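In this note's numbering, the protein residues as written are 13 to 882.
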C-alpha cells in the first residue's frame, strides 16, 4: 500500500488561488435555493461534485462549475497581482436550474455529463487553451438536455451515468434510473436528435421476467401509466458500473458487461451491452474467439444441456458476424493510436439476457447498498498468445477471476469473487423457448463472499468508490468520515497460485487459512471535520501526474482537502542503481493532516438579512423602531426570539470552532514542550561526548573539548584496536609454534578417527549427538570379540579337563585296563590332537589381537593428550 507523503499543500490552503477555487461567493445563492422541491431525493444518492480531465479539475461551488488546472495553481506566483497570471478560475455557465449532484467527464474529455436528481445535461467542454486567457468573465458553454421526456421531474430519479468504455470516440453514455431502467445514448453534437431519444432503452423488471427475445423490453415513455409491480422494491437501483476499463490485459467480456446493484442487496449483470458502433481493444476479439472455441470444444466432448448448447451457438453466431465485418480504422485526436470500429452484430439481437440475481455465499448482514465496483479478471496469456510471443505482449500479473465489491451505508465493503464469470447470453427465440423442457432446473448464480471490510459508520453518508490507475487491486472509499485506501494485493498472488494448480485434497482448508492470514489492507488517509460535514461528502479524485504525484483531491464545506501518496516504483527496471531499502537511523516522522480553519470563521452573519425579512413580514414595525428602546409587545417578542435562535446557532458554531482551535493549540504546546525535553536530553548527551559538561576543575591537565575531544577518543579507540590485534597475532604465532607444523588433511582425518574411536571405547566422554550406538559400531564389535574370547577360554578349559581325565595313569592301567581301551577306542587320538591344536591357535590369535589393540589405544591416548594441549 502506498505511504502518505503529505496532506493539503500550501497552494491549496488559505490564502491562495487554489483555496479560492473552492470558496463560495458572498452573493451566491445557498444550496437549498436550487432544490426542486423533493427534499428526500436531495439527500439521497452519491455526490460527485469534483471531476477532472488530466490535471484540469471541474469543481461545483453552489451551482456554478469552476474550471482550473492544478499544475497552474501549484506554479502560481505568491504575488497574485502579476499581470501574466489569472487569479480567478473560469466559471462555466450552464442552463441547469436544479441542484447539481454529479459531474462525469467523458473518456476523451470532450463532454461533461451534469446530473441532478432527475435530469441529465451534456456540456461540450472547451479546449484547454482557454485557461491561459486573461478574460475573467464567465464562459457560457454549449449544453444539451439529455432525454427531454425520459429524464424529467415526473420520471424516476437518475442514479448513475456511466460513459461506455467501448463507445465510438468516447461519446456513448449509459444512464440508469432508480426504477431499473437502462438507457444507452450515442451522442453526436451535430445531431440534436441523438440527445432526445436513446439508441437502446431497457426495463430490467420486464427483462427479468422475460422468456423469449420477441417480447417488448422497452422502458416506459413519458405519460405512460405505470401499474404496480412486486419487483419495484426489490429492484430499486443503488448504483451501476461496467466490469472493466477496456484495457488490453482484461478479459474480453468484461468491458461490455454492465453490473447493477440494488439497494436490497441483489446484483445483476447485462452482457453484452454495446452501442451500434464500438471500439474493441487489440485483445478483445482474439480473447473472445479463444474462449468461445474452447468452450464449444469442451461441450462437444461432454453431455451438455440444451440451454448450454444454445448459449454456445449464439456466441458463435455473434463472433461469426464480427469476423465477417470489415472494420473501420479511425485515429483519435488526443492520441496517435489507431482503433478499429465494428458494428454491433444483428444476430443475436442487441438486447442481452439479464443475468442474476447473484446470491452472496455465505449471506452477509445486508444493509442498504450504495455503490458497486468491479475488477475484471486477468486475460489468459497462455491461451491467447503463443509461447514465443508471451514475453513481448502482456506479462501482467493478476487474478483469473473477477472481483465484485459492494459498499453499504453502514460503512462496510463486501469483497466477492465471481468464480463462474459472466459471459454473453441472450434470450431464446419464441420457438426455442416453446421447445424448452419444463423439467430443466433453473440455474442460480453465486458470488463467493471472501471478506467484509469495516470502516467508521456515520449518519447520512453515502459511501462511494473511486478507482485508481496505480494499482489494479486498489481503490478508495469516500464517506462522511473520511477517505480510506483499500488494497487487496496481499491475497491476490496466493489465491491465483491455488487456482492455477488446483488440488482437491485440502483445498477448503488451505483457502480458509489463506483468507484468515492474508487480510486486505484498509487505511484512513484523510479524516473529515465532523462539524463541517452537513450533507453527503463528495467523492474523491485520484490524479497521477509527474508534477503532482499521486494526488487525492476532495472538498469539505467549500474547503479543499488533499492527500499526496507515494508513487509505486518498479525497482526491477533499475535494480543495479536502486539504493538498498535499509531502515533509516531515525524513524520517518508521522505525516499529520494540517489544520484548516472552520467555515464558521468566514461565514457572514445572517442577522442583517433576518432583520430585513422581519421588517417585510411585520408592516407595523419600521426600521427606526429597531433603534429605539425596547417596547414590550408580541411583535418585538417574536423578533427577539427569532434573533436569539439565529444568534445562538451562529455562536454555537463559532464556539465549537474556537474550542477545536484551542485544543489543537494546547496539543501543539504539549508536543512542543516534549520536543524541547528530548532536545535537552540530546544536548546533554552531546555535551558528554564532546566534553562540554566537564568544567576542568580539580585537574591540572589542559581541558580538551569539541572536535579535539572526539578526535582524541577516536585515536584512543584506534590504538586499543591495534594493540588487541597485535596480542591476537602474538597468541596465534605462539600456538602455532607449540604445535609444530600444521596438520595435513589426512592427519586431521586420522585425528578425527582416533577421537571417535576413543569416544566409542569409553576413554573420553562423547557429545550427546555422538553417543548413540549402532549395530556395526566399534564398541559392539569389541564386545563380541570379548564374548568370543571368554567362550573359547571356557571351551579350552573344558577340553583340558577332559584331556586330564582321559590321560592314562599307572593305577588306571592296572585297575581299569578295559575302560581305557574302551575310551581310546571311542575318541581317535589324531582327531583329539587336531582339535586341541586349533583351540590353542585361536587363543593365541585372540590374545595377540587384544594385545595389539591395547597397545594402539595407549599410543592414541598419548597423541590425543598432545593434540588437546595445542
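For glycine and all other residues, C-beta sits at the position ideal for the given N, C-alpha and C.
These figures come from a predicted structure and were not determined experimentally.
Just grab the DSSP bridge partners of residue 464 for me. 426
Should residue 66 and residue 36 be called a contact, given that it needs their Cβ atoms to be closer than 8 Å? no
With a threshold of 6 Å on Cβ separation, who are the neighbours of residue 26 within its own chain once the five nearest residues in sequence on each side are excluded? none
Let me make sure I understand the geometry here. Which of 283, 425, 265 has the alpha-carbon closest to that of residue 272? 283
Mapping DSSP to helix, strand and coil, what is residue 843? helix
State the start and end residues of the unbroken alpha helix (DSSP H) segment that holds residue 690. 646-702
In three-state DSSP terms, what is residue 634? coil
What are the boundary residues of the alpha helix (DSSP H) that includes residue 621? 619-629
Check residue 247 in the structure and name its three-state DSSP category. coil
Look up residue 325 in the DSSP assignment and say whether it is helix, strand or coil. helix
Taking residue 30 as part of the alpha helix (DSSP H), name the residues at either end of that continuous run. 29-32
Name, in chain order, the residues that DSSP records as bridge partners for residue 905. Coverage of the chain is limited to positions 13 through 882, which leaves residue 905 absent and any answer about it impossible.
Less than 8 Å between the CB atoms is what I'm expecting for residue 478 and residue 551, so what's the real figure, rounded? 6 Å
Which residues DSSP lists as bridging residue 184, in chain order: 198
Determine whether the beta carbon atoms of residue 364 and residue 461 lie at a separation below 8 Å. no
C-alpha distance - residue 381 paired with residue 610, whole-angstrom precision: 32 Å
Residue 539, enclosing beta strand (DSSP E) - first and last residue: 533-539
Judging by CA-CA distance, which residue of 694, 719, 689 is the nearest neighbour of residue 702? 719
With distance defined between alpha-carbon atoms, name the residue in 30, 567, 261, 465 nearest to residue 532. 465
Looking at chain C, is there any beta carbon in it that lies within less than 8 Å of the beta carbon of residue 480? Annotation note: the requested chain C is absent from the structure, which comprises a single protein chain.
Can you tell me whether residue 564 is helix, strand or coil according to DSSP? strand
For the candidate residues 869, 806, 491, 870, whose alpha-carbon lies nearest to that of residue 852? 806
Please state whether DSSP places residue 68 in a helix, a strand or coil. strand
Output the distance between the C-alpha atoms of residue 660 and residue 616, rounded to the nearest integer angstrom. 15 Å
Hey, would you say residue 263 sits closer than 8 Å to residue 429, going by beta carbons? no
Given residue 606 as reference, the closest of 690, 78, 541, 255 once Cα atoms are compared: 541
Judging by CA-CA distance, which residue of 154, 686, 180, 127 is the nearest neighbour of residue 170? 127
Following the continuous beta strand (DSSP E) through residue 84, name the residue where it begins and the one where it ends. Residue 84 -> not in any beta strand (DSSP E); alpha helix (DSSP H) instead, spanning 82-86.
By alpha-carbon positions, which one of 379, 412, 435 ends up nearest to residue 366? 435
My understanding is that residue 118 touches residue 211, with C-beta atoms under 8 Å, so please give their C-beta distance in whole angstroms. That belief does not hold up - the Cβ atoms of residue 118 and residue 211 are roughly 16 Å apart, past 8 Å.
Just to confirm before moving on: does the CB-CB distance between residue 116 and residue 63 stay below 8 Å? yes
Candidates 195, 172, 766, 699: which alpha carbon is nearest residue 871's? 766
Assign residue 719 to one of three DSSP states: helix, strand, or coil. helix
Could you tell me whether the Cβ atoms of residue 440 and residue 225 are closer together than 8 Å? yes
By how many angstroms is the C-alpha of residue 209 removed from the C-alpha of residue 159? 6 Å
Whose C-alpha, out of 17, 507, 322, 136, is nearest the C-alpha of residue 410? 507
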